[in-house]
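Taking this note's numbering, the leading residue of the sequence shown gets 2, the next gets one more, and so forth. By construction, the Cβ of each residue, glycine as well, lies at the ideal position given by its N, Cα and C atoms. Bear in mind the structure is a predicted one, so any value in this text is a computation, not a measurement.
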Amino acid sequence: MSQSNVHITEKKLTMAIGGIFLATDNPHAGSGAQDYTLPGAPNLIIGETYLFRAWNDDNKNRIWDANETDITRNLKKIQWILNGNNVMAVGSKSPSILDKRAVSGAITDQYTIPINSRSKSGALAGDQGFNLMVEFN
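This is how it looks when you write it as structure tokens:
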């Protein structure tokens, strides 16, 4: 995916923060796995599976430290969302704009970035170029 930003939306969870991690990195508290929601994170890759994890960020540093509790299983709702425009993926062609479009069926803690023809974004370039977000509560 040719995107530079990944975002998380927090919803009414005291001290809760969330992150998006590459599944093969086996993310857990204190693992140091790359959080794709942080500034400067690498672009997401088509075909890779990403995990959403939520934790109580006791020291409010947005890093999943060793002593912080994973609360992902306690969440009532997880929804993966595509947002923004895909100008980076389409070059000189007219970009598509998505305003927090929920990815149909993406309601678990994992999401595999589909190839363009299997994307549910409605854009010719698939999910490429859009920001990937998770809304949770």
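When DSSP reads this structure, ASP71 sits in a beta bridge with TRP56.
Taking the C-beta atoms as reference points, ALA24 is found nearer than 8 Å to LEU52. Under the DSSP definition of a beta bridge, TYR51 partners with LEU23 and TYR112. In the three-state DSSP reduction, VAL135 falls in the strand class (E or B). Taking the C-beta atoms as reference points, GLY31 is found nearer than 8 Å to ASP66.
The residue among LEU76, ALA126 and SER105 with its C-alpha nearest the C-alpha of SER93 is ALA126.
Three or more Cβ pairs closer than 8 Å define a contact, and the region 35-43 falls short of that threshold against the region 101-112. A straight line joining the alpha-carbon of ASP26 with that of ILE114 spans about 16 Å.
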